[in-house]
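Written below as structure tokens is the structure these notes are about.
Shown next, in the form of structure tokens:
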């Protein structure tokens, strides 16, 4: 447990963010292992089948991540205000509400997967494998929702190390199962999906056992694990804007995937490989974004906006040098990194160009994410969501214009990204400077109430 309302801002944010970064690296690692095993053992078409599902699976996960982020804002503010009974009741409501939603979403995804893949112009030679992978993946959606709620509850009280432990178990298990199912048992692309679902289930169970075992205020007595309408309304109030934001973003990625599919299997393979490597580049920004968000949530709940400002400044001073070092590494070793996935020829060349173009602009993404973390954590989720949607609109529109009007081919997939980041950075900075986030807390601090 970590109370971030007192003490060094930078130390709190870094200590909280480092385990999250480790967890993100582990997530990327087992995604990468999936792709490397599939690409090297099953070939470029199999890699394309898994890759073409990425935007769709991200769309499904966006429901979980968006709503659970909303729950996390409420949890962090309640913890900052020291309202522990409300915190426990909010957790039980969140688990029941979001688990039910996950089942509905998974069923709809399976039922409509056929028409969806047809509308995305998935190449016929990879459609059957891609459909099988996607439908198996949907089975694990319940476990992802449960895990995300528990993660939000743990991070809201400053415990980010536990999620690193959960993901370590899941990642190691996923790598072993990938090798067993794909290499030994020869289950093909479906084997990677089965391994992923099994690991998600293990992660969800272990996280629940840990949370209830370690934190007394998260243990439910007889009759306490129940659904409360008012708590659900607060979770939805904070979570729906973020969920809509993330779903539209992932929907935008689906639209972009349609362009990728139109460019052929080499483009799909190159985009999959470059995307996996790019994921590592995003880790510092995403980790510190989570750190700044939780830090901001606790402090705005405690009535300390001046600490929020200081935390934002210090996070930016950490992020930019890290971004520069990572960008240099990515530029130099782009060829070796893309080659890991077993691609060659056109796919290899396209993937290298993608990474080397993106690398110099990554610092803009980091600065944008630090602003977004403050806005989300303080409860200004509508503004954060709106800014993300503007960034998405820029990216999607330019992708289609560059591809079909200017005939830029594969370059149309990555050239719009830094343009969108700069737009997001400018708008989020202006919103932060406006100061409205200071009055966005959804809870009243018991500390403030006691002193008044």
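Numbering (my numbering), first residue to last: 3 to 454. Glycine included, every Cβ here is placed at the ideal spot set by N, Cα and C.
- Residue state for residue 382 is assigned as coil, using DSSP reduced to three classes.
- By the Cβ test, the segment 369–382 is in contact with the segment 279–294, since at least three Cβ pairs between them sit closer than 8 Å.
- Counting C-beta atoms within 10 angstroms of its own C-beta, residue 11 has 16 or more neighbours from the protein chains shown and is therefore classed as buried.
- In terms of Cβ geometry, residue 136 and residue 115 form a close pair [threshold 7 Å].
- Considering only 191, 165, 270 and 211, the residue with the shortest C-alpha distance to residue 57 is 270.
- Taking a contact as a CB-CB distance under 8 Å, the pair residue 160 and residue 5 counts as one, their CB atoms being some 7 Å apart.
- With at least 16 other beta carbons inside 10 angstroms of its own, residue 360 counts as buried.
- Cβ-Cβ separation between residue 26 and residue 215: approximately 25 Å, too far for a contact (criterion under 8 Å).
- Across the set 236, 199, 415 and 175, the C-alpha of 199 shows the shortest separation from the C-alpha of residue 108.
- Taking C-beta separations shorter than 7 Å and ignoring five residues to either side along the sequence, the partners of residue 132 in its chain run 51, 54, 55, 119 and 124, following chain order.
- Note on residue 338: under 16 other CB atoms within 10 angstroms of its CB, so exposed under the neighbour-count rule.
- Taking a contact to require three or more Cβ pairs closer than 8 Å, the segment 162–170 and the segment 99–113 do not qualify as touching.
- Between residue 299 and residue 66, the CB-CB gap reaches or exceeds 7 Å.
- Inclusion of residue 70 and residue 151 in the CB contact set at 7 Å is warranted, their separation being smaller than that value.
- Burial is judged here by how many other beta carbons sit within 10 angstroms of a residue's own beta carbon; residue 23 has at least 16 and is buried.
- Between residue 263 and the set 365, 196, 121 and 371, the nearest pair of CA atoms involves 121.
- A Cβ-Cβ distance of about 6 Å is found for the pair residue 253 and residue 61, placing them in contact under the 8 Å criterion.
- Judged by their CB atoms, residue 393 and residue 422 are nearer to each other than the 7 Å cut-off.
- Three or more beta-carbon pairs drawn from the segment 227–247 and the segment 74–89 are found closer than 8 Å, and the two stretches are therefore classed as touching.
- Residue 35 is a Cβ neighbour of residue 177, given a cutoff of 7 Å.
- By the criterion of a C-beta distance shorter than 8 Å, residue 350 is surrounded in its chain by 272, 337, 340 and 341, once the five residues flanking it on both sides are discounted.
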